[in-house]
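The opening residue of the sequence shown carries number 1030 in our numbering; numbering runs sequentially from there.
Glycine included, every Cβ here is placed at the ideal spot set by N, Cα and C.
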Amino acid sequence: MSGANRIAGKGRLTPAKTARFTYDGRILTGLEGDTVASALLANGIHLAGRSFKYHRPRGILTAGPEEPNALMDVSRDPSRKTPNVRATMQELYDGLTVSSQNRWPSLAFDIGGINNLFAPFFAAGFYYKTFMWPKAAWHKVYEPQIRKAAGLGVSPTQDDPDHYANRFAHCDVLVAGGGAAGIAAALAAAETGASVIIADERAEFGGALHFDTNVTIDGQDGYVWAQKTIARLKALPNVTVLPRTTVFGYYEHNFIGLAERVTDHMAKPAPHLPRERLWQVRAKRVVIATGAIERHMVFDGNDRPGVMLASAARTYLNHYGVAVGAKVGVYTAHDSAYEAAFDLKAAGVEIPVIVDSRDKPGEAVLAKARSMGINVLTGHAVLTTKGKLRVSSIVVARRGQKSGEKIAVDALIMSSGWTPSVHLFSQSRGKLAFDAENQRFLPGTYLEDCMSVGACNGTNSIQATIDEALGVGELLARAAGAEGKSTVSIAANQAFDWTGGMAGSAEGAGPDDTSAKAFVDFQHDVCAKDIRLAVREGMHSIEHVKRFTTNGMATDQGKTSNIHGLAIAAEALGKAMPEVGLTTFRAPYTPVTFGTLINHSRGPHFDPARKTPIHAWHEAQGADFENVGNWKRAWYYARPGEDMHQAVNRECKTVRTVAGVFDASTLGKIEVVGPDAAAFMNLMYTNSWDTLKPGRCRYGIMLREDGFVYDDGVVGRLAEDRFHVTTTTGGAPRVMHHMEDYLQTEFPHLKVWLTSTTEQWAVIAVQGPKAREIIAPLVEGIDLSNEAFPHMSVAEGKIAGVPTRLFRMTFAGELGFEINVPADYGQAVWEAIWERAEPMGACAYGTETMHVLRAEKGYIIVGQDTDGTLTPDDAGLAWAVGKKKTDFVGIRGLKRPDLVRSGRKQLVGLKTKDPREVLEEGAQIVADPNQPKPMTMLGHVTSSYWSEICERSIAMAVVIDGRAKMGQTLYVPMADRVVAVEVCDAVFYDKEGGRING
């Protein structure tokens, strides 16, 4: 048996295909195609969870993704355990283990339920006024207990053994939603020849056709039509059909995020299949066909298990073949609930009463109800419900009366109308318009290339919905470039045209009913009276009301509660709903697992280490590595018996006296190409590039718009229309983005193309007096003499038989060459150079030595010696700013009064009075170490090293008016001492610069 509440002959599942599962340790049976929710209901189980704050018993409210109550812990085994899974969306499979959450020791008897007795003390916003004293109790008592109580489920403790996938896709038209509107739009778009992706979060397409059996399309049952049409779409080569796929996010430029559940419905998924797949789709046009969400009635006791939405009861009956009760009451302000009553009545379920808060329901449904012998009470209200773990009766009275008749029921279905699902439209930054007649928000002003169709657009009838979808599908397909024409024509009929609806609290939950627990937000235990309390406390914006009460802040993001909360707040303020505002709809539409978002980026791929093409050689030589961003860079090469300082001292001295070989492959490299390349470079850098001849290099400074130094590097001009730009290692991505941003937004008229080539070139720097002697025999086609190839030159040729871009430049202040070769040949060329260098007494050196060598020469490192607040002049680089240039990024920023005033920090050198004392980087600098606190800070140390060649410590620092303080003594206070320093020039070695010529 698949459950006592399963009705023979109803639903679309196959009775012979059973699936066994466990719920809180009980072994139960359902059918393949069931959700956990439908299987529980089939087995007579309504109790599905406990609320967050009061721990009130809660039942299944919905049949879809908007479910706020029935959140389960679902697992295959201990390592495959997922909390907060919506029972209404989790498909049943044989062997599934399901547990309820937020209860102890059991769901039926939860100690936390005592909170319900103290509900008056836990009113909305109580947490803003409580836990204030004693102050010491916060860390030891309050915070630990609050953190312990936070959340509904329990996070997994074991590593996730499953794998996840990621896919990028482009399409002409993406259709979000697989109901009648979405299917019709996809069909029309596909017929034009456009590439189409249609996605729906359910296992089967059809949307509301799952429950609405009174709709016929093209002469057949609506659901049957949907399945046949989807099969037709699947057969088309230009259509991708994605069931079990939630369109969760709408981002700029029609970039859409989709989460596909690939194996969560399978009993034994194949090992090669991912558990979930993230789709990142760039669509030319988007059709939003996300339907509408039914609202509950807000009245006392509306949260009792057995109370659910009318459309949910109808879904469980017509799709799953499950009756939600044997004696089902109906409470409504909308005609749609009548159809649920008709279906249940026809299936043999007793309907003791339909309570309609309206005086005049739709005439057609009212006549049908009376013809079926159903008692209809118009102008009445359900004042409250009775029952402990499940509803057992309702109290019904005419509106305005405070007492009424008690009617026995074992389930109550309700509907206050339908809220268009405008979440994706709002995520696209479109502006909503308020439909005052129907008290709802609809898509108004579009910002992205999208259109809404169907119920989410406020279109009510099935024929109007399909006609609208067919027109929009073809229109958007043709706008995306499709040249075909759609000839689709679809005829549809529905039994009743729905009328009615209300937003806000019903009878018995008004401003005077202060004792009523009429829930607006089920998961966060927000009642109508809480919304009114927020207004009395001064919250006059719905965003403030939301945060004060937490209405709409649960995992369902207020899908059923937002409009009710807004209406109640508006009533309390005496304003129209639009005047109170509307909360922000943010991605994701429904929760998305971390596994889906991260997919391949886990373990070693979470923060992948970048390695240079020569990394293996460094490892073989015993190099120690440091992390520079994601790069693994050789830090130093210690010989036996050496510590780091000894190794660096040896390397520095060897480079200065013989030569050194350095792996500089991590430098950022960008190719700037095009007839306007020089003009673009002039705009992006402070100095001039028109005068730079092909074959020559120049040091360049890049600024932000505010005039501060952003990056620097040497740029080589290879041809009139081609520049080889180098950037700092850490700056490569942001410089590329900076350039591309300005090219696309500010200088789109320039004919320039940018290409990041950081990974394409291996760079080998050979520095020192014997650098030319080391590489000369290996170089072909380039004259390396000082006359033919002076400092700051670039040429293309070959080295060790490999094509090269050879730069004559240095970051050590010595005769130097930077050899760029294709990355695949990096280690081979390095080994050829090393074979020449090692016998001459040269060494391989790492980044620490590089830092010391450049500091000896006063060369800055952007990001270490600058902090985002230095101008070129502050950094001693005013010479790199073209005096005759009229425009470049940052030129206006440089002219701001604050950037040209005296008293700015300037880069200088520091010498400690004790030459053996090495300063700490970041240490503060003061004029008077005896000044009372707070002391006046003049600046800080940016770089500090021991210099073996200078036989003393050296440092660089930024100091207020530093250049005016040359020769003065300043002080660096440390925890245990004060270090006296002398302000000096930042160049400590070879001030004349003659060593660069060899």
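In angstroms with no decimal places, state the Cα-to-Cα distance between residue i and residue j.
i       : j       : result
Arg1668 : Asp1896 : 35 angstroms
Met1713 : Met1768 : 7 angstroms
Asp1102 : His1239 : 26 angstroms
Arg1132 : Arg1041 : 34 angstroms
Asp1094 : Ala1693 : According to the sequence provided, residue 1094 is Pro. The question's Asp does not apply to it. Going from the Cα of Pro1094 to the Cα of Ala1693 covers about 53 angstroms.
Val1276 : Thr1625 : 13 angstroms
Ala1616 : Ser1455 : 10 angstroms
Gly1968 : Glu1950 : 12 angstroms
Ala1237 : Asp1372 : 15 angstroms
Arg1865 : Ile1804 : 8 angstroms
Val2110 : Ile1383 : Limits of the chain in this structure are 1030 at one end and 2027 at the other, which puts residue 2110 out of reach.
Val1438 : Pro1381 : 8 angstroms
Pro1190 : Gly1581 : 33 angstroms
His1168 : Ala1194 : 41 angstroms
Leu1338 : Lys1356 : 15 angstroms
Ser1422 : Lys1389 : 25 angstroms
Gly1513 : Ser1224 : 12 angstroms
Going by other Cβ atoms of all chains shown within 10 Å of its Cβ, with 16 needed for buried, is residue i buried or exposed?
i       : result
Trp1782 : exposed
Trp1859 : buried
Met1401 : exposed
His1778 : exposed
Gly1459 : buried
Gly1330 : buried
Thr1409 : With the sequence shown as reference, residue 1409 is identified as His, and Thr is not the correct amino acid for it. Burial call: buried.
Ala1228 : buried
Lys1575 : buried
Met1480 : buried
Thr1186 : exposed
His1348 : buried
Ile1056 : exposed
Ala1037 : exposed
Phe1691 : buried
Trp1908 : exposed
From what residue to what residue does the alpha helix (DSSP H) around residue i run?
i       : result
Cys1479 : Counting along the chain, Cys1479 falls outside any alpha helix (DSSP H), though it belongs to the beta strand (DSSP E) covering Cys1479 to Ser1481.
Arg1679 : Met1673 to Thr1686
Phe1614 : Taken as a continuous stretch (DSSP letters only), Phe1614 belongs to no alpha helix (DSSP H), as it is neither H nor E.
Phe1155 : Phe1155 to Lys1158
Gln1523 : Run containing Gln1523: none in the alpha helix (DSSP H); it sits in the beta strand (DSSP E), Ala1521 to Gln1523.
Glu1503 : Ile1491 to Ala1508
Arg1399 : Glu1392 to Ser1400
Ala1068 : Val1065 to Ala1071
His1452 : His1452 to Gln1456
Val1609 : Met1606 to Val1609
Residue range of the beta strand (DSSP E) that residue i falls in?
i       : result
Gln1997 : Gln1997 -> no beta strand (DSSP E), and no H or E assigned at all.
Val1244 : Val1244 to Ile1246
Tyr1888 : Neither: Tyr1888 is in no beta strand (DSSP E) and is coded neither H nor E.
Tyr1475 : Tyr1475 -> no beta strand (DSSP E), and no H or E assigned at all.
Gln1468 : Unbroken run through Gln1468: none, as it is neither H nor E.
Is any heavy atom of the ligand MN found at a distance shorter than 6 angstroms from the C-beta of residue i?
i       : result
Met1606 : Absence of the ligand MN is noted for the structure shown, with no ligands found whatsoever.
### Message
Closer than 8 angstroms is the cut-off here; do at least three beta carbon pairs connect the stretch 1607-1617 with the stretch 1172-1188?
### Response
no
### Continuous beta strand (DSSP E) assignments of at least 3 residues falling wholly in the stretch 1253-1312
1268-1271, 1274-1280 and 1284-1290
### Message
Extract the residue ranges of the beta strand (DSSP E) inside the stretch 1525-1602, only unbroken runs of 3 or more that lie entirely within it.
### Response
1548-1550
### Task
Starting from the N-terminal side, write out each stretch of the alpha helix (DSSP H) that is 4 residues or longer and does not extend beyond the stretch 1689-1766.
1706-1713
#### Entry: Validate contact between the stretch 1515-1532 and the stretch 1562-1571 using beta carbons, cut 8 angstroms, 3 pairs
no
### Whole alpha helix (DSSP H) elements within the stretch 1800-1886, 4-residue minimum
1800-1804, 1855-1866 and 1876-1885
### Query
Which ranges does the beta strand (DSSP E) cover as unbroken runs of at least 3 residues, wholly within the stretch 1890-1955, from first to last along the chain?
1934-1941
#### Entry: Inside the stretch 1108-1153 only - beta strand (DSSP E) runs reaching at least 3 residues
1109-1115 and 1125-1128
### Query
In chain order, which beta strand (DSSP E) runs of at least 3 residues are fully inside the stretch 1640-1676?
1653-1657 and 1660-1665
### Sequence ranges, beta strand (DSSP E) only - wholly within the stretch 1164-1242, length at least 3
1194-1205 and 1225-1228
### Those runs of the alpha helix (DSSP H) which lie wholly inside the stretch 1300-1369 and span at least 4 residues
1339-1347
### Query
Counting pairs of beta carbons, one from the stretch 1654-1667 and one from the stretch 1728-1737, are three or more of them closer than 8 angstroms?
no
### Message
When you compare the stretch 1311-1325 with the stretch 1239-1248, are there three or more beta-carbon pairs, one atom per stretch, that lie closer than 8 angstroms?
### Response
no
### Query
Quick check: the stretch 1111-1119 against the stretch 1050-1069, are there 3 or more CB pairs under 8 angstroms?
yes
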